[in-house]
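A quick write-up on the structure given underneath.
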Amino acid sequence: MNAFTSDSIPTFKRHSYKLLQSTVWLVAASALFACSQPDSSASNASSLQNDNGAAVTANVAESNAQTESAITTPASNPDLLKNVSVTVYKDANCGCCKDWISHAEDNGLSATAHDVTDLAVFKERYGVPTEMRSCHTAVTTDGYVFEGHVPAKYVAQFLENPPVQALGLAVPGMPVGSPGMEYQNKFAPYQIMQLNKDGTTEVYADIVSTEQQL
Numbered sequence: 002m003n004a005f006t007s008d009s010i011p012t013f014k015r016h017s018y019k020l021l022q023s024t025v026w027l028v029a030a031s032a033l034f035a036c037s038q039p040d041s042s043a044s045n046a047s048s049l050q051n052d053n054g055a056a057v058t059a060n061v062a063e064s065n066a067q068t069e070s071a072i073t074t075p076a077s078n079p080d081l082l083k084n085v086s087v088t089v090y091k092d093a094n095c096g097c098c099k100d101w102i103s104h105a106e107d108n109g110l111s112a113t114a115h116d117v118t119d120l121a122v123f124k125e126r127y128g129v130p131t132e133m134r135s136c137h138t139a140v141t142t143d144g145y146v147f148e149g150h151v152p153a154k155y156v157a158q159f160l161e162n163p164p165v166q167a168l169g170l171a172v173p174g175m176p177v178g179s180p181g182m183e184y185q186n187k188f189a190p191y192q193i194m195q196l197n198k199d200g201t202t203e204v205y206a207d208i209v210s211t212e213q214q215l
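Residues in the sequence shown are numbered from 2 upward in steps of one, following the working numbering.
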């Protein structure tokens, strides 16, 4: 029996196959490139490096069940965090970090951004467990930590009545549709995790819709 080769495929099918391959590679490359750009929208396939050098991959909507038909612009409430100041440690080229800062500032937060070369140093300093890490770390003047794309609504809720054992909140990875990670009208449900002083974590909130973030 003759081995099956690309020569046995009709010419128009070979061209279609090559076109499909090229398209897949182009989409994948574009998605991986997007979040590293200062002014670009965040990609649903964005990744970042944790302190071990391993990729912390964004949570991605894998099916229509995890995808909403529309993403609305988060509502702004300048009074929500008007008395809160944070220092944000981030990579200089992270566009989605800048988008999260804009979201927080639209809700009253006063943010000072610091571009750093080794984010792991600050995540270690402020007690963010490896599995809870994201692309930026925000620290309030009172020492509370907000890791990643935490909605302003939940930052305010936490600060209004901080649990005694807690040091802050985290959204691990970079979930599509979270504040600063809006991408092509998609949304992937995610959890906001509470970081405790003893190194443990627990679920603070389950976010199942865009409206819940507002």
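Ideal placement from N, C-alpha and C gives every residue a C-beta, glycine not left out. Note that the coordinates shown come from a computational prediction; the quantities given were computed from them, not determined experimentally.
- A residue is called buried when at least 16 other Cβ atoms come within 10 angstroms of its Cβ; residue 195 meets this threshold and is buried.
- Relative to the Cα of residue 189, the nearest Cα in the group 86, 207 and 201 belongs to 207.
- In the three-state reduction of the DSSP assignment, residue 93 falls in the coil class, being assigned neither a helical nor a strand state.
- C-alpha of residue 118 to C-alpha of residue 80: approximately 33 angstroms in a straight line.
- Per DSSP, residue 157 is one residue of the alpha helix (DSSP H) stretching across 153 to 161.
- Out of 116, 130, 105 and 174, the CA that lies nearest to the CA of residue 155 is found in 105.
- Looking at 185, 110, 135 and 163, the one whose alpha-carbon comes closest to that of residue 88 is 110.
- Taking every protein chain shown into account, the CB of residue 183 has 16 or more other CB atoms within 10 angstroms, so this residue is buried.
- Annotation for residue 168: 127, 128, 144, 145, 146, 196, 197 and 198 place their beta carbon closer than 8 angstroms to its own, counting only its chain and skipping 5 residues before and after.
- For residue 140, the three-state secondary structure derived from DSSP is strand.
- Taken through DSSP and simplified to helix, strand or coil, residue 175 comes out as coil.
- Cα atoms of residue 203 and residue 193: separation of roughly 9 angstroms, rounded to the nearest angstrom.
- Of all alpha-carbon atoms in 161, 162 and 139, the one lying nearest the alpha-carbon of residue 151 is that of 139.
- Our two residues, residue 96 and residue 213, have alpha carbons roughly 24 angstroms apart in a direct line.
- Look at residue 182 here: in three-state DSSP terms it is coil, with no helix or strand label.
- For residue 122, the enclosing alpha helix (DSSP H) stretches over residues 120 to 126.
- Going by C-alpha positions, residue 160 is about 16 angstroms away from residue 112.
- Between residue 149 and residue 171, the C-beta gap is smaller than 9 angstroms, which places the two residues in contact.
- Beyond the five residues adjoining it in sequence on each side, residue 157 comes within less than 8 angstroms, by CB distance, of 81, 82, 85 and 108 in the same chain, given in chain order.
- The closest CA to that of residue 102, considering only 200, 179 and 164, is found on 179.
- By the CB criterion at 9 angstroms, residue 98 and residue 200 fall outside the cutoff.
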